[in-house]
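Here our numbering is used: position 180 in the sequence shown is 180, and no number is missing along the way.
Notes follow once the structure below has been shown.
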Amino acid sequence: MRRKLAAGNWKMNGTSADLAQIEALAEKHTGALSEIMIATPDTLLHRASAFTKSGPITLGAQNCHKNETGAHTGDVSAEMLLDAGASYVILGHSERRADHDEHDEDVRAKARAALKAGLRVIICMGEELQEREADNTLDIIGGQLAGSIPDDISGETLVIAYEPIWAIGTGKVPSIAQISEVHDFIRIRLEQRFGPQIARSIRLLYGGSVKPTNAAEIFAVQNVDGALVGGASLKAADFGPIIEALDAS
Ligand code: PEP
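Okay, structure coming up:
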């Protein structure tokens, strides 16, 4: 049985004052059935962990280096993130692929480092609008799956987020049929590569303009095990109803 996951990605947003949002979520959702994860900026991880020690919330980071230590000015290793309070790291987000020229092989190397350090990984993938319009979505996702996931994974430590790039931060959302098609495809590809037992324990999140108003409909899709939420995860008043919709699904 896969535990549902409501994952928030704060991106480059949040200072000390925003820790109150995590505190509010932790207080309100003590009895949540779903797992709740918030990927804060690294600067907030340690302080945020004060609100997550015994509650329903776990913390995550948004990137890590592929090496354990060394001369990499400005970078942070998986072990450092774990030490600061993270349990998860988001890897391969389309914004990192675009802004930092990250490719599948980089994502795979970072995932290996993160898993070795003891973090769980959320690997993101998704197609551009032109790729969707050219009917290439499944080829793109198939390539990203093959290229960015390491071979030696266990189901519980890997989460995959399907995030159509054209849906991120735009308010546009694929149809339920489109979400369902991609999630089913991912599950089948995972079964072919890792076997049914591991494949069935990997959680598949949908990400891209998830809001309190569309969450329930998306969570009703069979192979959707939760969401990766950007903008609507910044405020407890928005993220809370999404968590409730996931609990109710
Ligand atoms: C994201 O960046 O992972 C994301 C899904 O953003 P938003 O929810 O704002 O579309």
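For each residue, glycine too, the CB sits at the ideal point set by N, CA and C.
None of the values given here were measured: they were computed from a predicted structure.
{"query": "Assuming glutamate 275 contacts serine 77 (C-beta within less than 8 Å), just tell me the rounded distance between them.", "result": "No information on residue 275 is available, as it lies outside the stretch 1 to 249 that the chain covers here."}
{"query": "Alpha helix (DSSP H) containing threonine 43: first to last residue?", "result": "42-48"}
{"query": "So what's threonine 157 in DSSP terms, helix, strand or just coil?", "result": "helix"}
{"query": "If you measure from the CB of valine 229, is any heavy atom of the ligand PEP nearer than 6 Å?", "result": "yes"}
{"query": "How many whole angstroms separate the CB atoms of serine 94 and glycine 60, which I take to be in contact at a CB cut-off of 8 Å?", "result": "Serine 94 to glycine 60, Cβ: 17 Å. No contact."}
{"query": "Can you tell me the Cα-Cα spacing of leucine 205 and glycine 92, whole angstroms?", "result": "14 Å"}
{"query": "Rounded to the nearest angstrom, how far is the Cβ of leucine 81 from that of valine 121, given a contact under 8 Å?", "result": "The Cβ separation is near 11 Å, so there is no contact."}
{"query": "Any chance you could list the beta strand (DSSP E) runs of at least 3 consecutive residues sitting entirely within the region 110-181, in chain order?", "result": "120-125, 158-162"}
{"query": "Along the chain, where does the beta strand (DSSP E) containing alanine 39 start, and where does it finish?", "result": "35-39"}
{"query": "Under 6 Å: does the beta carbon of asparagine 9 sit that close to some heavy atom of the ligand PEP?", "result": "yes"}
{"query": "The ligand PEP heavy atoms versus the CB of serine 209: any closer than 6 Å?", "result": "yes"}
{"query": "Are there any heavy atoms of the ligand PEP lying less than 6 Å away from the beta-carbon of isoleucine 168, as far as the coordinates show?", "result": "yes"}
{"query": "Between the C-alpha atoms of aspartate 104 and glycine 230, what's the straight-line distance to the nearest angstrom?", "result": "22 Å"}
{"query": "Given a cut-off of 7 Å on the beta-carbon distance, is the pair proline 150 and arginine 193 in contact?", "result": "no"}
{"query": "First and last residue of the alpha helix (DSSP H) that includes alanine 86?", "result": "Looking at the DSSP string, alanine 86 is not in any alpha helix (DSSP H), and its letter there is neither H nor E."}
{"query": "When you compare the CB positions of alanine 86 and methionine 37, do they come within less than 7 Å of one another, or not?", "result": "no"}
{"query": "Leaving out five residues before and five after isoleucine 168 in sequence, what residues of the same chain have Cβ atoms less than 6 Å from its Cβ?", "result": "Gly208"}
{"query": "Check this for me: beta carbons of alanine 32 and aspartate 225, under 7 Å apart or not?", "result": "no"}
{"query": "Please determine if the region 164-182 and the region 211-221 are in contact, where contact requires at least 3 C-beta pairs separated by less than 8 Å.", "result": "yes"}
{"query": "Am I right that threonine 58 and alanine 26 are in contact with their C-beta atoms under 8 Å? What's the rounded C-beta distance?", "result": "Incorrect: roughly 11 Å between the Cβ atoms, too far for contact."}
{"query": "Using the rule of at least 16 other Cβ atoms within 10 Å of the residue's Cβ for burial, across every protein chain shown, is isoleucine 140 buried or exposed?", "result": "buried"}
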